[in-house]
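The listed protein sequences derive, respectively, from chains G and H. Residue 47 in the UniProt record's numbering is what sits at position 47 of the first sequence, and the numbering runs on without skipping anything. Residue 70 in the UniProt record's numbering is what sits at position 70 of the second sequence, and the numbering runs on without skipping anything. Have a look at the structure below before the remarks.
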Amino acid sequence: MKKIRSASIYFLFAVIGAVILFPVLIAVILPIQDSDELERTFAPLAETGSRYVSIDYIPQYPTLKNFSKLLLYTPEFYKVFWNSILIVGSILLFQLLVAVPSAWAFAKFRFKGKELLFNLYVIFMLMPFQIMMLSQYIVLDGMHLMNTRLSIILPAIFSTFPVFLIYRGFADIPDDVADSARIDGANELQVLLHIGIPLGKSGILSCLVLSFLDLWNMVEQPLAFIKDKKLFPLSLYLPMLDIKNADIMLTAAIVTLIPAVFVFIIGQDFLEQGIIATALKE
Amino acid sequence: MTKCKTKKQNVYCLLFLLPSLLGVMIFIFIPFLDSVRKSFFTAVSEKFIGAKNYEVIMKNDAFALAVKNTALFTAVCIPALIIISFFLSYLITKIKCIRLIKSVLLFPLAIPTAAMVLIWQILFSDNGYINNILVSTGHGSVSFLSSKTAFWVLVGSYIWKNLGYTVILWVTGIMKISGSVIEAAKVDGAGEADILFRIIIPNLKPTLYTITIISFLNSFKVFREAFLVAGAYPHDSIYLLQHLFNNWFINMDLDKMAAAAVLVFSVIFAAIVLLQRMWNKEE
């Protein structure tokens, strides 16, 4: 009886897993088809006739031609890829520099108005971008940063979400550990560097993984604040391509996917810890 | 916990906090207060007009449609996500291979929307792959993206993306419940349903609170799929507040945006406070 039960649970998850992974499977199969085959796949999308898209699960002539076309003959792709790296990389770096010390202050110091300030941080962490869109626009416009990469980098650096996540990691460190370092003569900066950061490392890494996956996927901010397509990150540039370039789009999609999947695979444990640390109540 | 009692510690505490606090003031708090102020003024001439902007958006058809759709979307997708993910999480805790299953469920979270836009089109277009299957198996074709079905496609893609996140939170919550309590109940003759409804579910209220709020926040991100697949003016059934803000921004309807931002902020704020109250009362 028990065996039948767990067998049916496994079966259920196999089906769910197949449904979840199916779109990804298509995304991986299509770019290795040659352009004629792809054209046949895509032709029905552009017309209103009664033909339907069909997908060859086993490519007739598997080829890497699309990849070489993208990587060798599409220079603007590099530019956009570099935009993404630059934008996401600088946000992550400065986010940490800003969020780590302040999370430490929230976790390990007492000061007037702390609870109120922290609650404000949490409230604004929970607000969708659309609510802050106008406010951010006013500031960015005032700083003459509209239509620059900085317009999406600067506000993201001061997102309060990393502060909250890293705070969670720091709050778990017992006070005695820091106190004993103080008795040994460490100043507060040394306490943070030698006690806080090593012990709160997993909180920091969780924050990095979660932030990376979200930033690599950013759409709303560049859509609002950047007009020049040359400054778009991949996450917005790619979907704006003409469907006539389906081969380029599909191949670029895979290349866009690779860094995210890489971070997902090496960071899955931290990703899970990060998700668990978003618990607002314990 | 260190009190900022010595002067030196005060200085450190302030230094640690300052970069973040300054940035948050400049990019979040002050500009938000400024848009609250702006919501009572005209955008161009900065004339005080009281609640006029609010009246304007209340009478605006696009705003009414977007509010209705967003409310409906939230009311459908959050309970659906919560129930489905709880059911799956409960099953997961009964079997092995938890890690593999969690990886598969979480995977869509890592996939950038941009990489899937074309795939959604291949699958859901009028001439798309799913319609191919429907027609060749003798069903009628369905206009997934340009009819009311678009709403359900969006609900589906939201669940696809967020199932893993929610399952992780549930499974952690379930695993935290001490095994000895459950064992003791079993000894006392409690059946599986008793354990589920009397021990597991009541113990998961904090988890439910987190999941509700995080799922709500993430529900705003379906705009990515909706916008990238169906454009700035999709079918009426998925015209959301996010589309409206975006379109008002393009048209520089800043006074409307200010009033709408303040209104939506207030609703979300009230909802969070209410949920928190409910949770505290249960305690």
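We treat Cβ as the ideally placed atom computed from N, Cα and C, and that holds for glycine.
In the three-state scheme derived from DSSP, where H, G and I count as helix and E and B as strand, F111(G) is classed as coil. According to DSSP, F48(H) shares a beta bridge with F41(H). Using a Cβ-Cβ distance cut-off of 8 Å, the segment 139-157 of chain G and the segment 213-221 of chain G are in contact, since at least three pairs of beta carbons, one from each stretch, lie closer than that value. The alpha helix (DSSP H) runs lying completely inside the segment 183-217 of chain G and spanning 4 residues or more are 188-191 and 201-215, given in chain order. Cβ proximity to chain G below 7 Å picks out nothing from the segment 39-55 of chain H. Judged by pairs of C-beta atoms under 8 Å, the segment 207-226 of chain H does not touch the segment 11-31 of chain H, as fewer than three such pairs exist. Just measuring C-alpha positions, the residue of C13(H), D253(H) and S180(H) sitting nearest F41(H) is D253(H). Annotated three-state conformation of H243(H) is helix, per DSSP.
Judged by their CB atoms, L70(G) and L217(H) are not nearer to each other than the 8 Å cut-off. P59(G) carries a coil assignment under DSSP once its states are collapsed to helix, strand and coil.
With contacts defined as CB atoms closer than 8 Å, A277(G) and G203(G) qualify as a contacting pair. Only those residues of the segment 62-82 of chain G whose C-beta falls short of 7 Å from the nearest C-beta of chain H would be listed, and there are none.
For the alpha helix (DSSP H) assignment, the uninterrupted runs of no fewer than 4 residues enclosed by the segment 115-145 of chain H are, from N- to C-terminal side, 129-136.
Between S206(G) and L241(G), the C-beta gap is not smaller than 8 Å, which leaves the two residues out of contact. Looking from the CA of G128(H), the closest CA among S143(H), T137(H), H139(H) and A115(H) belongs to S143(H). The Cβ of W170(H) sits no closer than 8 Å to any Cβ of chain G.
Excluding residues up to 5 positions away in sequence, I29, I32, Q33, D34 and E37 lie with their Cβ nearer than 8 Å to the Cβ of P59(G) in the same chain. Under the three-state reduction of DSSP output, G267(G) falls in the helix class. With its beta carbon at least 8 Å from every one in chain G, A66(H) lies outside the interface. For I275(G), the nearest beta carbon of chain H is closer than 8 Å to its own beta carbon.
Taking a C-beta cut-off of 7 Å against chain G, the contacting residues of the segment 128-148 of chain H are G128, Y129, N131, N132 and V135, listed in chain order. Scanning the segment 83-136 of chain G for uninterrupted alpha helix (DSSP H) segments of 4 residues or longer gives 114-125, listed from N- to C-terminal end. Interface with chain G (8 Å Cβ-Cβ cutoff): A71(H) is excluded.
What M127(G) touches in chain H, judged by beta-carbon distance under 7 Å, is F265 and I268, going in chain order. Per DSSP, the unbroken alpha helix (DSSP H) holding Y167(G) starts and ends at F161 to A171. Counting along the chain, the unbroken alpha helix (DSSP H) around L109(H) starts and ends at I98 to A110. Per DSSP, the continuous alpha helix (DSSP H) segment holding I159(H) begins and ends at T149 to K176. With its beta carbon less than 8 Å from one in chain G, L217(H) belongs to the interface. Using a Cβ-Cβ cut-off of 8 Å, R40(G) does not count as an interface residue toward chain H, since no Cβ of chain H sits closer than that to its own. Just so you know, the alpha carbons of T74(H) and S219(H) end up roughly 7 Å apart. Counting C-beta atoms within 10 angstroms of its own C-beta, G185(G) has fewer than 16 neighbours from the protein chains shown and is therefore classed as exposed. Listed along chain G are I275, each with a C-beta nearer than 7 Å to that of Y165(H).
Chain-ordered listing is empty here: chain G has no CB closer than 8 Å to the CB of P202(H), the nearest sitting near 14 Å. Closest in alpha carbon position to L96(G), among F86(H), V76(H), I195(H) and L17(H), is L17(H). Closest in alpha carbon position to L12(G), among W152(H), S89(H) and V155(H), is S89(H).
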